[in-house]
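Asker:
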């Protein structure tokens with residue numbers, strides 16, 4: 001659904017970086033990081049990528065996706081745990097009083113340029 | 117095998133919209149307009165709540181409403197019947213509004229004479245939560261028939277709001293909606309959120325909502 005909107009934003013961001021770094025049309029791939037709890041579906045990013053970048057400076061490039069785990073900090077025992085794996089409950093003390101440290105990101109990590 | 121040069125960016129894709137939203141908030145500060153982003157599922161009672169709000173506050177505060185829908189002008193026509201300034205934004209299929217679209221609405225409506233602007237966002241608990249519209253505060257409505265477990269199913273929406281109106285409390289006797297449990301679920305995700313149970317049909321509980329709005333408008337113009 002809005003994965004396409006996000007991809008359009010991503011292309012705009014890369015275009016701005018390309019201008020700032022004087023990059024030519026030799027982008028091999030880009031790496032994005034998607035938070036596990038961001039409600040963004042990585043499969044849809046991959047499925048729509050080539051359509052969205054067609055005709056732009058990212059045409060023909062690959063999209064690589066890294067997942068950022070959803071980590072919670074337990075307010076009870078102050079341990080960090082994986083929110084999804086432990087279904088929102090601290091595995092050490094079983095409390096469900098925690099704050100999210102990571103997991104909602106959508107980050108452009110890097111642009112990889114072919115140097116032939 | 118080609119060599120690669122790696123250019124590190126490490127910036128959020130939402131950054132652009134975030135900056136745009138911050139810029140819009142500064143512009144709203146200059147025009148002394150408090151903008152509220154009102155979100156919910158379709159049918160929860162946003163428009164009815166706005167009608168009650170206009171009725172209660174229109175003599176004290178200059179109000180402007182921006183209606184956002186995929187299509188039609190149903191809500192804008194309803195609001196216009198009160199004589200309040202209102203415009204209809206058509207998102208053309210987009211499931212949410214971002215700062216740029218909000219600014220277009222602000223420009224079209226004109227806010228020099230508007231103290232309280234309310235953006236009635238697209239009825240959707242998923243996408244609107246992800247995009248900062250440039251509003252000063254976010255509010256959402258959850259209605260009793262939708263169920264008390266929605267905070268568990270749509271955590272992002274509940275986590276980004278400053279106020280939660282639990283609407284249609286007049287029909288609590290007819291639904292298995294545990295009000296205290298719902299409040300508990302919400303507070304776990306967002307301990308600072310203010311929860312106000314209301315009925316936009318009967319008017320029950322709405323004074324607290326009107327007072328909150330009054331306070332926000334005063335604070336926005338003061339600091």
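Protein chains in written order, with this note's numbering: chain D, 1 to 116; chain A, 117 to 339. Cβ coordinates follow ideal geometry from the N, Cα and C atoms, glycine included. Every value quoted in this text rests on a predicted model; they were computed, and no experiment measured them.
What separation, rounded to the nearest whole angstrom, lies between the Cα atoms of residue 79 (chain D) and residue 195 (chain A)?
Answerer: Rounded to whole angstroms, residue 79 (chain D) to residue 195 (chain A) spans 51 Å at the Cα level.
Asker: Measure the Cβ-Cβ separation of residue 120 (chain A) and residue 114 (chain D) and say whether it is below 8 Å.
Answerer: Between residue 120 (chain A) and residue 114 (chain D), the CB-CB gap stays under 8 Å.
Asker: Please identify the residue among D:42, D:33, D:23 whose C-alpha is closest to the C-alpha of residue 2 (chain D).
Answerer: D:42
Asker: Hey, out of A:203, A:186, A:306, whose CA is closest to residue 209 (chain A)'s CA?
Answerer: A:186
Asker: Among A:176, A:150, A:156, which residue has its Cα nearest to the Cα of residue 240 (chain A)?
Answerer: A:156
Asker: Under a three-way DSSP split, which group does residue 14 (chain D) fall into?
Answerer: helix
Asker: Does DSSP classify residue 185 (chain A) as helix, strand or coil?
Answerer: strand
Asker: What residue from A:322, A:136, A:169, A:288 has the CA that sits closest to residue 262 (chain A)'s CA?
Answerer: A:288
Asker: Along the region 61 to 88 of chain D, what residues have a CB closer than 8 Å to any CB found in chain A?
Answerer: Result list empty, no residue passes.
Asker: Report yes or no: is there a C-beta of chain D within less than 8 Å of the C-beta of residue 293 (chain A)?
Answerer: no
Asker: Can you give me the Cβ contacts of residue 228 (chain A) inside the same chain, cut-off strictly under 8 Å, excluding the 5 residues immediately before and after it?
Answerer: 147
Asker: Would residue 212 (chain A) count as contacting chain D if we go by Cβ distances under 8 Å?
Answerer: With 8 Å as the cut-off, residue 212 (chain A) counts as an interface residue toward chain D.
Asker: Return the CA-CA distance between residue 142 (chain A) and residue 135 (chain A), expressed in angstroms with no decimal places.
Answerer: So the two alpha carbons sit approximately 11 Å from each other.
Asker: For residue 292 (chain A), count neighbouring C-beta atoms within 10 Å of its own C-beta (all shown protein chains included) and say buried if the count is 16 or more, exposed if not.
Answerer: exposed
Asker: Just to make sure I have the definition right: I need the residues of chain D whose C-beta is within less than 7 Å of the C-beta of residue 156 (chain A). Which are they?
Answerer: For residue 156 (chain A), no chain D residue has a Cβ inside 7 Å of its Cβ, as the nearest lies near 17 Å away.
Asker: Give the single residue among A:280, A:322, A:315, A:126 whose Cα lies nearest to the Cα of residue 299 (chain A).
Answerer: A:280
Asker: Among A:274, A:170, A:126, A:232, which one has its Cα closest to the Cα of residue 307 (chain A)?
Answerer: A:274
Asker: Could you name the residues of the same chain whose beta carbon sits closer than 6 Å to that of residue 70 (chain D), not counting the 5 residues immediately before and after it, in chain order?
Answerer: For residue 70 (chain D), where only same-chain residues beyond five positions count, the Cβ hits under 6 Å are 36, 37, 83, 84, 103.
Asker: Assuming contact is defined by CB atoms lying nearer than 8 Å, are residue 235 (chain A) and residue 153 (chain A) in contact in what I supplied?
Answerer: yes
Asker: Name the chain D residues that come within less than 9 Å of residue 272 (chain A), Cβ to Cβ?
Answerer: 37, 38, 39, 104
Asker: Less than 8 Å between the CB atoms is what I'm expecting for residue 202 (chain A) and residue 222 (chain A), so what's the real figure, rounded?
Answerer: No, residue 202 (chain A) and residue 222 (chain A) are not in contact; Cβ-Cβ is about 13 Å, not under 8 Å.
Asker: If the cut-off is 9 Å on Cβ atoms, which residues from the region 119 to 135 of chain A count as contacting chain D, listed in chain order?
Answerer: The residues in question are 119, 120, 121, 122, 123, 124, 125, 126, 127, 128, 129, 130, 131, 132, 133.
Asker: Starting from residue 200 (chain A) and walking both ways along the alpha helix (DSSP H), at which residues does that stretch end?
Answerer: No alpha helix (DSSP H) holds residue 200 (chain A); DSSP gives it neither H nor E.
Asker: What first and last residue would you give for the beta strand (DSSP E) that runs through residue 74 (chain D)?
Answerer: 71 to 74
Asker: For residue 247 (chain A), is the classification buried or exposed, using 16 other Cβ atoms within 10 angstroms of its Cβ as the cut-off for buried?
Answerer: buried
Asker: Please tell me whether residue 243 (chain A) has its Cβ less than 8 Å away from any Cβ of chain D.
Answerer: yes
Asker: By the 10 Å Cβ neighbour count, where 16 or more other Cβ atoms means buried, how is residue 188 (chain A) classified, buried or exposed?
Answerer: By the neighbour-count rule (16 or more Cβ atoms within 10 Å), residue 188 (chain A) is not buried but exposed.
Asker: Where does residue 210 (chain A) fall in DSSP's three states?
Answerer: Of the three classes helix, strand and coil, the one that applies to residue 210 (chain A) here is coil, per DSSP.
Asker: Verify whether the separation of the beta carbon atoms of residue 58 (chain D) and residue 11 (chain D) is less than 8 Å.
Answerer: yes
Asker: Would you decide whether residue 106 (chain D) is buried or exposed? Buried here means 16 or more other CB atoms lie within 10 Å of its CB.
Answerer: buried
Asker: Nearest to residue 22 (chain D) by CA position, among A:130, A:123, A:331, is which residue?
Answerer: A:123
Asker: Does DSSP put residue 244 (chain A) in a helix, in a strand, or in coil?
Answerer: In the three-state reduction of the DSSP assignment, residue 244 (chain A) falls in the helix class, which pools H, G and I.
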